[in-house]
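Residue numbers (the numbering used here): 96 to 308.
Ideal Cβ positions, reconstructed from N, Cα and C, are used throughout, including at glycine.
Treat the numbers as computed from the prediction; the structure is a model and nothing was measured.
Comments concern the structure below.
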Ligand SMILES: N[C@@H](CCC(=O)N[C@@H](CS)C(=O)NCC(=O)O)C(=O)O
């Protein structure tokens, strides 16, 4: 059976999990956390990061690389737009999520939630700095990009939406919600993302792990 290495609370692992769920691809989740990586993990993930993927044909690292592979190998439920200009834009959103949202939103989650799970103290000074300086810039940019209705490329949820959703899920787990008074389009778009059944399912699964923490 194909294997996904990682844990569902990692935003990049959740991105792949959502793609697997939408495409209904059987897989086994092999738990690997950023805090504890198995001996020899670099043979599967050269940068020792999660997620990594292993199946009968390949071993791959990086959520974007894995998702593009899944799209080409399992094209039944399409997760990227077809038109080249839209597909390029979708890839841009994945790149933006990876390069900007992971260090900004991901750090808030890491400090407040992941460290708590690992019994380590949060650096709240770092969190406040991000919330006051970096997060507003990210939200302002996304406010200018997201549509008033539906998802980024129409009525169905695609990979670009998932790439953004996964970070907003973790931000919400860290107790930060995007205010509709400040970012009306973005807040409404996030509501639509969170109401999508696959996304809602992942949030419910996360809450089982997080419990009362
Ligand atoms: N560009 C990568 C980023 C992966 C990444 O940074 N994963 C984090 C967890 S969300 C990780 O494994 N960090 C551990 C480390 O950097 O050693 C992707 O999209 O998969």
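Approximately 22 Å separates the beta-carbon atoms of residue 143 and residue 152; this is outside 8 Å, ruling out the contact. With at least 16 other beta carbons inside 10 angstroms of its own, residue 199 counts as buried. With respect to the 7 Å criterion, residue 110 and residue 257 are classified as neighbours on the basis of their beta carbons. Nearest C-alpha to residue 129 among 146, 295, 163: 146. When the alpha-carbon of residue 226 is set against those of 189, 249, 294, 269, the nearest one is in 269. Residue side-chain check: residue 239 keeps its Cβ at 6 Å or more from all non-hydrogen atoms of ligand 1. The residues 107, 158, 159, 258, in chain order, have a CB closer than 8 Å to that of residue 193 in the same chain once the five nearest residues on each side in sequence are set aside.
In terms of Cα proximity to residue 262, the closest of 100, 155, 126, 201 is 201. Between ligand 1 and residue 184, a heavy atom-to-CB distance of less than 6 Å is absent.
Check the Cα spacing between residue 255 and each of 264, 167, 232, 187: the tightest is with 187.
Under the three-state reduction of DSSP, residue 191 is assigned to helix. Residue 237 is positioned such that its CB atom lies closer than 7 Å to that of residue 281.
Rounded to the nearest angstrom, the Cβ distance from residue 112 to residue 126 is 13 Å, too far for a contact under 8 Å.
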